[in-house]
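Chains as they are written, first to last, in this note's numbering: chain S, 49 to 169; chain G, 3 to 255. Idealized CB from N, CA, C, for every residue including glycine. Computed from a predicted structure; not experimentally measured.
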Amino acid sequence: QYVPPYTEDCRTGMYPPSGPTFGGAVTWYTVNLDLPPSKRWTELITDKKNDLIIMVQAIKDLADALVPSGRLEELIDQALPLMIDTLPYPFNEEMKGIATASGVPLGEVILFNIFYEVFTV
Amino acid sequence: CTSLVAEDPEGNLIHARNLDFGLFLGWDKKNHSWVIPDKLKPLVVNVDFRRNNSTVFKSTNFAGYVGMLTGMQPNSFTLTMNERFSLDGGYIGILEWILGKRDGMWMSFLTRSVLENATSYAQAQKLLSDTKLLAPAYFILGGNQTGEASIITRSRTHNLNPLELDIKQGRWYVLETNYDHWKTPLFLDDRRTPAMKCMNQTTQANISVQTVYDVLSTKPVLNKLTTYTTLMQVSKGKLESFIRVCPNPCMPW
């Protein structure tokens, strides 16, 4: 695994982060676990909903590339919501709240949250 | 992904990770970058989960994702997970779930439950080692005492060859990418060797948040799939994250 310039000597002095490998700081949010699960993510999702919509669209484009007929996307939007109540509480309720706060269809929020298992396919 | 837990000469534990995701899910020719990491970066947030007005745990998340990939229960333990590939994979777990066999846990809901409810490194280790999963995974766990760090290699049903820190034997850090630690990584994707070379070059005497960040900034440990780097110091209750970019020339994974 020594194929310069794709690999390099050990870097030094990179912290505090700056320069071409630093893509920006990360914003802090608070999630209040005393709130009902469906309300916990509202503030954060309200801030990030446009980015979430763009992300979900990228996954849908991928689904359409895999199955051009659009059947896979239909399956996501119609079948996945049927499984929401088989997912453990409070995560199922939190996902419903995220769908409500962002306007993203529940099936797509579910797919985003089980993507780790789905991706192994 | 690359996750590591290192112990400095004073017995402080540093847990850090690069989150790499989105392989083969679309390439942006114009920007010479993967589509999914580019869409994930704006969603990266740090979250302080609070109950009764005090912190229960902190995490680095993708907005909209309620599970956990990177988190810390301050002064108690730190946890990251890396993807593990296996033929007995998540699709089998999902099939079982659909057919009504629901005795396994979805990976990210388990990590969320552990960060929210476990009360010690030992309890977290037990939950992550013994709970049946829908998909295989690597859990990298750090505690708050000297010697408390382990790589938990999980199949859907078993914990395989757990690896722990062993200061006396000279193992002052544990490091996991996406290959079983007892096997050599795929030569086309060996990020373990360069990362370990840089850790060994740093030496335990000089390990710190700063030098760990240097290791995670060295190509190919830093690559086109890297979305963020997180640094955690459990004894200070400190978690910090940074969005990453890998300028050309850079390994695609």
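Would you call residue i buried or exposed, if buried means 16 or more other Cβ atoms sit within 10 Å of its Cβ?
i, result
"Thr121(G)", "exposed"
"Phe111(G)", "buried"
"Pro65(S)", "buried"
"Ile158(S)", "buried"
"His160(G)", "exposed"
"Asn180(G)", "buried"
"Leu92(S)", "buried"
"Phe79(G)", "buried"
"Ser117(S)", "exposed"
"Ile100(G)", "exposed"
"Arg59(S)", "buried"
Taking Cβ positions, are residue i and residue j nearer each other than 8 Å?
i, j, result
"Phe23(G)", "Met83(G)", "no"
"Asp125(S)", "Glu165(S)", "no"
"Val214(G)", "Arg193(G)", "no"
"Phe64(G)", "Val37(G)", "no"
"Asn77(G)", "Gly239(G)", "yes"
"Pro11(G)", "Gln206(G)", "yes"
"Gly92(G)", "Thr168(S)", "yes"
"Val236(G)", "Asn163(G)", "no"
Just the C-alpha distance for residue i and residue j, rounded to the nearest angstrom, thanks.
i, j, result
"Val51(S)", "Leu227(G)", "18 Å"
"Asp168(G)", "Thr133(G)", "25 Å"
"Val115(S)", "Tyr175(G)", "45 Å"
"Lys184(G)", "Asn54(G)", "The displayed chain sequence assigns Trp, not Lys, to residue 184(G). Looking at the two C-alpha atoms, the distance is approximately 44 Å."
"Pro249(G)", "Lys31(G)", "14 Å"
"Gly145(S)", "Thr94(S)", "11 Å"
"Pro138(S)", "Asp182(G)", "33 Å"
"Leu81(S)", "Val104(S)", "26 Å"
Taking residue i and residue j to be in contact with their CB atoms under 8 Å, please state how far apart those CB atoms are, rounded to whole angstroms.
i, j, result
"Ile154(G)", "Leu130(G)", "5 Å"
"Trp76(S)", "Asp50(G)", "6 Å"
"Arg156(G)", "Leu188(G)", "That pair is no contact at about 19 Å."
"Gly72(S)", "Ile245(G)", "4 Å"
"Leu233(G)", "Ala18(G)", "5 Å"
Closer than 9 Å, Cβ to any Cβ of chain S: which residues of the region 105–123 of chain G, in chain order?
Met107, Trp108, Met109, Ser110, Phe111, Arg114, Ser115, Glu118
With 8 Å as the limit, tell me which residues of the region 31–58 of chain G have their beta carbon closer than that to any beta carbon of chain S; keep them in chain order.
So the list reads Val37, Ile38, Lys41, Leu42, Lys43, Pro44, Leu45, Val46, Val47, Asn48, Val49, Asp50, Phe51, Arg52, Arg53, Asn54, Val58, given in the order they occur along the chain.
Just by C-beta distance, which residues in the region 180–206 of chain G are closer than 8 Å to chain S?
Phe189, Asp192, Arg193, Thr195, Pro196, Lys199, Cys200, Gln203, Thr204
Of all the residues that make up the region 101–124 of chain S, which are near chain G by a beta-carbon distance shorter than 9 Å?
Ile102, Met103, Val104, Gln105, Ala106, Ile107, Asp109, Leu110, Ala113
In chain order, what residues of the region 133–159 of chain S put their CB closer than 8 Å to some CB of chain G?
Thr134, Leu135, Pro136, Phe139, Glu142, Met143, Ile146, Ser150, Val152, Val157
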